[in-house]
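> Okay, handing you the structure first.
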Amino acid sequence: MGYITKGVLLENWGKGLVDAAYTRKNPGVTVPVTCTAAKGPSPSYINQLNFVLSRDHENLDDNGISGEEFFGNATTRTAPFMVDNVTDGQTLYCQLRKDDNKYAVYNITIYVFDLPVLKSAPKKGSITNSTVTISWSAWDEQNEDGDPPVIGYTPYYKLASEQDWSIQDTSTSIKALNFTFTALTPEKRYSFSVAAVREGEMGEGPKSPMLNATTICTVPLSGPREVQATVTGERQENVEITWQVPSDKQVNCGSGVSKFIIYYSSNDVEPYDEGTKDILDPDATSYIFENLMVGMTYTFQMTLTTAGGESPFSDEVTHLLPSNIFVIPEIMKQMYTSLSVVLYLHKLVFNTSAKALSWAFPSAGLIAGSTIGAFLLIVLLVLLVIYLWRKSKSDKGMNDSQATRTKFGTSSSAFNPDVEPVTVITEEDGDNLYLNIEKPVPILVTNLETYMKNCEESKSNTLEQQFQGFNKGKQFASEVGEEDDNRQKNRFKNMIAYALRRVILEKLEGDPHSDYYNANYIKNAEEFNAFIACQDQILHPLTTSENGDTGESVKYSHADKPD
């Protein structure tokens, strides 16, 4: 006996089985196969042979193979078959059989499509207490296994501790490259995978590598409780916020509190002071504000944050920050001259002179002691100061005061990061005539970092606001001072030359240029710096000795005339 292989007839059979064909399918799908036989001169009884399809070459093995009715014409007969459970590269055999003997065989090898494979695990997206979003890259024909075309993807999920995968109703063969799983349990660990799907029945490929992700806890049910605001600090210049952390059931998160947030605002007057402060210590129960605006009413509210989000707001707490808290002084030393007295008290400097009475806080401090004793001490101090001040009013001489004095300017204590700067009272209030007289508040290098941090946290005293506060350009007209006739009279180059602030004098006879001179910022007769305009010798010289000797004197303008 012989058989036909790959369409070639063995010579002793003439014409017999001449062809076989199939339709390529995805793995596991029933494959249609056809076998065709041709009539020939021998044997003449071909129609009496059984036309079968077998899984075995020698014997008849038609398990999972079903035949259908023949069809053909006068020269050929074609038998259709349906084959289940075909594996890639499997060989089937078309046979002509009779009485358990085969008379002809035609081999046909069946190939199935390779299913697409995603080599990379999906990526994690947004996660809530009940949802997880994943995304993945499209199947790449050039770099990944499988046969095209891919028509979609199927996302899978399961609890990480379990074996069986599940899909959600809307996740079957989607065309998008992302999917959000819903209705998940808070604070549970899940596994996620994706399978690519090619066209045709059973075209879904194997699952990709897994991604593990854990849902977060739910939003806290309550914010901080028992929120209170109290004044604190040595000068009562700070506000302390205290609170209680709610129960674990109210926090509602296994990982606990991640931070507290304090919201504060004061809308009494412009500029409004408002902002937030994050407390990153989950065990904290208090915080002290050190740079709020005194004399303002502040409103405070709090929330807490967990992995699940931010809690509802606590009840509002409103508090007025006092504008002036007196500090009980303690005498450390005293120094006085005929014109002034300076009392150095603990945390307080008290100065009096013939021209001024002033006090300031170089640094904050609260002295504890008996209330009655402190009151008596203050009364004694006031009486002493009044006595010395009256005594110094009648004396003339050198001023040994330790405090800075200007007639038109102010002086301030050095910056202390814990104390709001206090301006020392000068002997005359009002705007400065010259812009370069007022002295800035000094900031120690050691305090610069704290000062910068305070400005960053403040909503009303930022560095940008301070910079914008600088005067820009000319503040006053200077046309008169720039005229050719007057330009040469601007002799004091270190002064800001504004025509509006020139001292205009009465012209001297015979001197047409004696009407316009700058004022000198120099010591006057009482050794205080003042603006003095010099013009010429006065008509009646001042005596400088008992015997009537005269010396060169000056005529004072209305800028500063001696008493």
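The sequence shown begins at 1 in the UniProt record's numbering and counts up one residue at a time.
Quick reminder that beta carbons are idealized off the backbone N, C-alpha and C, glycines included.
1) Just the C-alpha distance for Val29 and Asn85, rounded to the nearest angstrom, thanks.
2) Buried or exposed, going by whether 16 or more other CB atoms sit within 10 Å of the CB of Leu348?
3) Mind checking Gly16: buried by the 16 CB within 10 Å criterion, or exposed?
4) Taking C-beta to C-beta, are Val117 and Lys25 nearer than 8 Å?
5) Determine contact between the region 143-157 and the region 192-201, defined as no fewer than three beta-carbon pairs at a distance below 8 Å.
6) Between Ala229, Ala176, Arg225, which has its C-alpha nearest Ile151's C-alpha?
7) So, for Ser135: in the same chain, excluding its five sequence neighbours on each side, which residues have a beta-carbon less than 7 Å away from its beta-carbon?
8) Measuring alpha carbon to alpha carbon, tell me which of Lys453, Asp100, Val245, Lys459 ends up nearest Trp223.
9) For Glu274, report the span of its beta strand (DSSP E) as first-last.
10) Tell me, which residues are paired with Cys94 by DSSP?
11) To the nearest angstrom, how far is the alpha carbon of Arg405 from that of Pro442?
12) Provide the residue(s) that pair with Asp19 in DSSP beta bridges, ordered along the chain.
13) Is Ile496 helix, strand or coil by DSSP?
14) As a quick exercise: from Thr305, Gln466, Met293, pick the residue whose alpha carbon is nearest that of Pro322.
15) Using only the alpha-carbon positions, how far apart do Asn63 and Asp100 sit?
16) Should Thr218 and Asn129 be called a contact, given that it needs their Cβ atoms to be closer than 8 Å?
17) Return the residue from the list Asn107, Val257, Ile262, Leu388 that minimises the CA-CA distance to Gly309.
18) What span of residues does the alpha helix (DSSP H) with Phe467 cover, start to end?
19) Using the Cβ count rule (16 or more neighbours within 10 Å means buried), how would you classify Leu92?
20) What separation, rounded to the nearest whole angstrom, lies between the Cα atoms of Gly2 and Ala104?
21) Hey, how far is the Cα of Thr544 from the Cα of Glu509?
22) With a CB to CB cut of under 7 Å and the five nearest residues on each side skipped, what residues in its chain are close to Ile110?
23) Kindly indicate which three-state DSSP category Val117 falls into: helix, strand or coil?
24) Specify the secondary structure class of Gln168 as computed by DSSP and reduced to three states.
25) Can you tell me whether DSSP reads Lys123 as helix, strand or coil?
26) On the criterion of 16 or more Cβ atoms from any shown chain inside 10 Å, does Val18 qualify as buried, or is it exposed?
27) Do Cys253 and Ala307 have their CB atoms nearer than 8 Å?
28) Only counting the same chain, and skipping five residues up and downstream in sequence, which positions put a Cβ closer than 8 Å to that of Glu457?
29) DSSP state of Asp429, grouped into three classes?
30) Tell me, please, which residues DSSP counts as bridged to Arg189.
31) Straight-line CA distance for Asp281 to Leu304?
32) State the Cα-Cα distance for the pair Val379 and Trp389, rounded to the nearest angstrom.
33) Classify Gly205 as buried or exposed, calling it buried when 16 or more other Cβ atoms lie within 10 Å of its own Cβ.
34) My understanding is that Thr36 touches Thr75, with C-beta atoms under 8 Å, so please give their C-beta distance in whole angstroms.
35) Alpha carbon to alpha carbon, what distance is there between Ile216 and Ser255?
36) For the candidate residues Val231, Ser314, Ala38, whose alpha-carbon lies nearest to that of Asn73?
Let's see:
1) Each residue's Cα considered, the two are about 7 Å apart.
2) Note on Leu348: pLDDT 42, under 50, position unreliable in the model; no value is reported.
3) Under a 10 Å Cβ-count criterion, Gly16 is classified as buried, with 16 or more other Cβ atoms of the shown protein chains found around its own Cβ.
4) For Val117 and Lys25, no; Cβs fall outside 8 Å.
5) Note that the region 143-157 touches the region 192-201; at least 3 beta-carbon pairs, one per stretch, sit closer than 8 Å.
6) When Ala229, Ala176, Arg225 are compared, the shortest CA-CA separation from Ile151 is found for Ala176.
7) Excluding the 5 residues flanking it on each side, Ser135 has same chain C-beta neighbours closer than 7 Å at Pro122, Lys123, Gly125, Leu177, Asn178, in chain order.
8) Position check: residue 223 holds Gly in this sequence, whereas Trp was assumed. The candidate whose alpha carbon is nearest that of Gly223 is Val245.
9) From DSSP, the beta strand (DSSP E) with Glu274 extends over 273-279.
10) Cys94 pairs with Leu53, Tyr106.
11) Interpretation of Arg405 is limited by its pLDDT of 37, a score under 50 that renders its predicted location unreliable; no figure is taken from the coordinates.
12) Bridge partners of Asp19 according to DSSP: Thr36.
13) Confidence in Ile496 is poor, its pLDDT being 47 and thus under 50, which makes the residue's placement unreliable; the coordinate value appears in the next sentence. In the displayed model, Ile496 falls within coil according to three-state DSSP, outside both helix and strand.
14) The shortest C-alpha separation from Pro322 is found at Met293.
15) Whole-angstrom Cα-Cα distance: 16 Å.
16) Taking 8 Å as the cut-off, the beta carbon of Thr218 is found closer than this to the beta carbon of Asn129.
17) Ranking Asn107, Val257, Ile262, Leu388 by Cα distance to Gly309 puts Val257 first.
18) In the DSSP annotation of this structure, the continuous segment of the alpha helix (DSSP H) that includes Phe467 starts and ends at 463-468.
19) Answer is buried; the Cβ neighbour count reaches 16.
20) Here Gly2 scores only 31 on pLDDT, less than 50, and its place in the model is too uncertain to base an answer on.
21) Because the pLDDT of Thr544 is 35, which lies under 50, any placement of that residue in the model is unreliable, and the number read from its coordinates should be weighed accordingly. Rounded to the nearest angstrom, the two C-alpha atoms are 27 Å apart.
22) Its chain contains Tyr22, Val31, Val86, Gln90, Leu92 as the residues whose beta carbon lies nearer than 7 Å to that of Ile110, once the 5 sequence neighbours on both sides are disregarded; these appear in chain order.
23) Val117 falls in the coil class under three-state DSSP.
24) Assigned with DSSP and collapsed to three states, Gln168 falls in coil, not helix or strand.
25) Correct three-state label for Lys123: strand.
26) For Val18, the number of other beta carbons within 10 angstroms of its own is at least 16, and it is reported as buried.
27) Yes, the pair counts as a contact, with Cβ atoms nearer than the cut-off.
28) These residues qualify, in order along the chain: Gly275, Lys277, Asn291.
29) Only weak support exists for where Asp429 lies, its pLDDT of 44 falling under 50; the value from the coordinates is given anyway. Coil at Asp429, not helix or strand.
30) Partner(s): Thr214.
31) Straight-line measurement puts the Cα of Leu304 at about 11 Å from the Cα of Asp281.
32) Distance from the CA atom of Val379 to the CA atom of Trp389, rounded to whole angstroms, is 15 Å.
33) With 16 or more other Cβ atoms inside 10 Å of its own Cβ, Gly205 counts as buried.
34) At roughly 10 Å, the Cβ-Cβ gap does not stay under 8 Å, so Thr36 and Thr75 are not in contact.
35) Approximately 9 Å between the Cα atoms of the pair.
36) Proximity to Asn73 across Val231, Ser314, Ala38 peaks at Ala38, based on C-alpha coordinates.
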